[in-house]
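Top line first, the protein sequences correspond to chains W and A. Note that my numbering numbers the first sequence so that position 93 is 93, with each residue one more than the last. Note that my numbering numbers the second sequence so that position 89 is 1089, with each residue one more than the last. C-beta: ideal position from N, C-alpha, C; glycine also.
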Amino acid sequence: DGGITQSPKYLFRKEGQNVTLSCEQNLNHDAMYWYRQDPGQGLRLIYYSQIVNDFQKGDIAEGYSVSREKKESFPLTVTSAQKNPTAFYLCASSIDFTLKENSPLHFGNGTRLTVT
Amino acid sequence: GNSVTQMEGPVTLSEEAFLTINCTYTATGYPSLFWYVQYPGEGLQLLLKATKADDKGSNKGFEATYRKETTSFHLEKGSVQVSDSAVYFCALIGSGNTGKLIFGQGTTLQVKP
């Protein structure tokens, strides 16, 4: 079955450590996205990638970094510069960046990161 | 800029009750509108969508009508089930801003037997 796999489901880190969240898709989608979800705030866009070897900052990119070396993979690194990293992180993909009628966002099941 | 506002939750209903979750938006031009649903511990799934004024999106008994005159896209269901308990997100993509969905803050629905 095609889909998006995020791992691990739960992640714990000490403050000051960088941590990388994995996102893999086998849907052959060009576009991939990272969102952060906090209670009562909906989803906020961290980074997105329209195509392999390209990525752009979203609305809250500070303290995060990404890479897109392969079409199917879009890992997110939460660096020590991120002031409040504890959150639920969601990866998504779409056929292309235009999000046309027939290319909605497909989401993974998320990674819950806790930094203490 | 574009924005989406949803009614605050949680919304608590008894099984078979009528559901309305309000959603209003601010956008220039003619955005496309979406409802996504998030079940506990999972990512979001597209529930329904409407891409032009007066369109009605529907799926699994849920409906929403794109009302440009009131800039609204309220979600309704005639008879909710316990399995409908989830967080519901209204979202839009602007007509001139491809690739970036703008989400509301989400509304939690709890349905009791």
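Own chain residues within Cβ distance below 6 Å of residue i, not counting five before or after
{"i": "THR1026 of chain A", "result": "SER1003"}
{"i": "PHE1103 of chain A", "result": "PHE1089 and ALA1091"}
{"i": "PHE1034 of chain A", "result": "LYS1049 and ALA1091"}
{"i": "GLY25 of chain W", "result": "Correcting the residue identity first, residue 25 of chain W is Gln in this sequence and not Gly. Cβ neighbours of GLN25 of chain W beyond the five flanking positions: ILE4, GLU72 and SER93."}
{"i": "SER1032 of chain A", "result": "THR1051 and ILE1093"}
{"i": "ASN1022 of chain A", "result": "MET1007 and HIS1074"}
{"i": "ILE60 of chain W", "result": "ARG44 and ILE46"}
Reduced DSSP secondary structure (H/G/I, E/B, other) of residue i
{"i": "VAL1082 of chain A", "result": "helix"}
{"i": "GLU1042 of chain A", "result": "coil"}
{"i": "GLN17 of chain W", "result": "coil"}
{"i": "HIS106 of chain W", "result": "strand"}
{"i": "ALA1053 of chain A", "result": "coil"}
{"i": "LEU1101 of chain A", "result": "coil"}
{"i": "LYS1112 of chain A", "result": "strand"}
{"i": "ALA1089 of chain A", "result": "Looking at the sequence shown, residue 1089 of chain A is not Ala but Phe. PHE1089 of chain A: strand per DSSP, three-state reduction."}
{"i": "GLU24 of chain W", "result": "strand"}
{"i": "ALA1115 of chain A", "result": "Residue numbering for chain A in the displayed model covers 1001 to 1113; residue 1115 of chain A lies beyond these limits and cannot be assessed."}
{"i": "GLU1076 of chain A", "result": "strand"}
Residue j beta carbon less than 8 Å from that of residue i
{"i": "VAL66 of chain W", "j": "PRO85 of chain W", "result": "no"}
{"i": "GLY1078 of chain A", "j": "GLY1061 of chain A", "result": "yes"}
{"i": "LYS14 of chain W", "j": "THR111 of chain W", "result": "no"}
{"i": "LEU1075 of chain A", "j": "GLY1009 of chain A", "result": "no"}
{"i": "ALA1086 of chain A", "j": "PHE1073 of chain A", "result": "no"}
{"i": "SER1095 of chain A", "j": "TYR1030 of chain A", "result": "yes"}
{"i": "ASN18 of chain W", "j": "GLY1043 of chain A", "result": "no"}
Exposed unless 16 or more other CB atoms sit within 10 angstroms - verdict on residue i
{"i": "PHE49 of chain W", "result": "Here the sequence assigns Ser to residue 49 of chain W, which means Phe is not the residue at that position. With 16 or more other Cβ atoms within 10 Å, it is buried."}
{"i": "ILE46 of chain W", "result": "buried"}
{"i": "PHE12 of chain W", "result": "exposed"}
{"i": "GLN41 of chain W", "result": "exposed"}
{"i": "THR1107 of chain A", "result": "buried"}
{"i": "ASP1084 of chain A", "result": "buried"}
{"i": "PHE107 of chain W", "result": "buried"}
Same chain, Cβ closer than 8 Å to residue i, five either side skipped, listed in chain order
{"i": "GLY16 of chain W", "result": "SER80"}
{"i": "VAL1082 of chain A", "result": "GLU1015, VAL1111, LYS1112 and PRO1113"}
{"i": "LEU1101 of chain A", "result": "PHE1034, ALA1091, LEU1092 and ILE1093"}
Residue i at chain B interface by Cβ criterion, 8 Å
{"i": "PHE1103 of chain A", "result": "Going by chain labels, chain B is absent from the structure shown, which instead holds the protein chains W and A."}
Neighbourhood of residue i by C-beta distance below 7 Å, restricted to the same chain and skipping five residues each side
{"i": "SER22 of chain W", "result": "GLN6, SER7 and PRO75"}
{"i": "GLN1045 of chain A", "result": "TYR1036 and VAL1037"}
{"i": "ASP54 of chain W", "result": "ARG68"}
Check: residue i C-beta below 7 Å from any heavy atom of the ligand FMN
{"i": "GLY1106 of chain A", "result": "As for the ligand FMN, it is missing from this structure, which has no ligand bound."}
Item to check | Inside the region 26-76 of chain W only - alpha helix (DSSP H) runs reaching at least 4 residues | outcome: none
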